């Protein structure tokens, strides 16, 4: 039985690989049961279905605003989970809550999975995944060279924006009530914190 937290999970069945030995082919055989599965360093992680108010509603709002901004200015492509993103040096696709690819990137291939690191990733925290998004995914996105990483915290009603510089993330700001979060990758894109969490 798999643990419902996004820590390293137990094997799905007795015939599945032990932790540390999961591959892309193993990942493809996982059941479509409403859980999101990811592999980091050969370890299987899973995230249970998210809460609507604390997780899905902020994702829907943020995705809608970002999509309209990107389409209006013809800046590239915006996607949302469960679309699969294959990051450099990672064996299986990740499913970021929201992601953006700038137009004209020759190193990105769109197909069943999107091959290449996004320019921007947004993860919305929930009680079951906050540590996973802040530690494991943070390190994976940083090592993949994702240029900007947003951590949205519905419980605290904040957005933290990290920018990738010289191989490491730097926190550029943490916005809260009454403020507007801003992107460096998407110049001119702002989010009113109060509107996001109302």
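In the numbering used here, the protein residues as written are 1 to 198. Note that CB positions come from ideal geometry on N, CA and C, so glycine has one too. Model, not experiment: these values are computed from the prediction.
Within the same chain, and ignoring the five residues on either side of residue 182 in sequence, the residues whose Cβ sits closer than 6 Å to its Cβ are 190. If the five residues before and after residue 136 are omitted, its C-beta is found closer than 6 Å to the C-beta atoms of 40, all from its own chain and listed in chain order.
In the DSSP assignment, residue 195 forms no beta bridge with any residue. When 95, 167, 187 and 134 are compared, the shortest CA-CA separation from residue 102 is found for 187. Excluding the 5 residues flanking it on each side, residue 168 has same chain C-beta neighbours closer than 8 Å at 142, in chain order. Closest by C-alpha distance to residue 128, out of 18, 32 and 55, is 55. The criterion of a C-beta distance shorter than 8 Å is not satisfied by residue 159 and residue 125. Cβ neighbours of residue 78 within its own chain (closer than 6 Å, five residues either side excluded): 66, 67, 70 and 100.
Shown here, residue 153 sits in a strand according to DSSP, grouped into three states.
Residue 84 places its beta carbon less than 8 Å from that of residue 93. DSSP places residue 18 outside both helix and strand once states are collapsed to three, so it counts as coil. The criterion of a C-beta distance shorter than 8 Å is not satisfied by residue 122 and residue 196.
Partner residues in the beta bridge of residue 160, as assigned by DSSP, are 151 and 174. Take residue 157, set aside five residues on each side of it, and the residues of its chain with a beta-carbon closer than 7 Å to its own are 176, 177, 193 and 197, in chain order. Taken through DSSP and simplified to helix, strand or coil, residue 140 comes out as helix.
Per DSSP, residue 68 is one residue of the alpha helix (DSSP H) stretching across 57-73. In the structure shown, the three-state DSSP call for residue 134 is helix.
Relative to residue 95, the option among 118, 172, 170 and 19 whose CA is nearest is 118.
Contact check for residue 86 against residue 45 fails: the beta carbons are separated by 8 Å or more.
Counted as a single uninterrupted DSSP element, the alpha helix (DSSP H) harbouring residue 28 occupies residues 24-28.
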